[in-house]
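Report on the following structure.
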Amino acid sequence: MAFEGGNLNMALAAAVGDDASLVRDLRRAFLESADRQIDLLSRAGDESAWHLALWRLKGLSGSFGVVHMIALIDEAQGSAPGDAKIVRRLRSALDMLSAD
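Using this note's numbering, the first residue of the sequence shown is number 7, and each one after it goes up by one.
As structure tokens, then:
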């Protein structure tokens, strides 16, 4: 997972250059947005809400090059809304990114 954090950091650095403050702010924004979408997934009561949150999380992850998260999201597409196992796996992946 450290590689994933590296991808996030590289994507941010490529977007904004050497501005450490801006990289930090964008990283925080990514983590907060991803956390919000995972929370919505955990509370999704129907297919529509589930797929909308997955779609948003996938777009966010794609924008920042977080490939492992995208693979988990692709796997989640076939899961039932609110699937606790996949939500835990996504939360774990996000926690690993937060720790980098």
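Ideal placement from N, C-alpha and C gives every residue a C-beta, glycine not left out. Values in this document were obtained by computation on a predicted structure and should not be read as measured data.
Sufficient close CB pairs (3 or more, under 8 Å) joining the segment 75 to 88 to the segment 11 to 28: By the Cβ rule, the segment 75 to 88 does not count as touching the segment 11 to 28, because fewer than three pairs are nearer than 8 Å.
Nearest residue (CA-CA) to A19, options F70, G84, L46: By 1-based counting over the sequence shown, the position of residue 19 is 13. The shortest Cα separation from A19 among F70, G84, L46 belongs to F70.
Coarse secondary structure for Q83, derived from DSSP in three states: Sequence index remark: in the sequence shown, residue 83 carries index 77 (1-based). It is coil, neither helix nor strand.
Sequence-distant residues of the same chain with beta carbon closer than 8 Å to E100, five excluded per side: Taking the first residue of the sequence shown as 1, we reach residue 100 at position 94. The displayed chain sequence assigns Leu, not Glu, to residue 100. The beta carbon of L100 sits closer than 8 Å to the beta carbons of L37, A40, D41, I44, M75 from its chain, once the five residues preceding and following it are set aside; these are given in chain order.
Cutoff 6 Å; reference L96; Cβ partners in own chain excluding five residues on either side: On the sequence shown, position 90 is the one that residue 96 refers to. Apart from the 5 residues on each side of it in sequence, L96 sits with its Cβ closer than 6 Å to the Cβ of I44, L78 in its chain, given in chain order.
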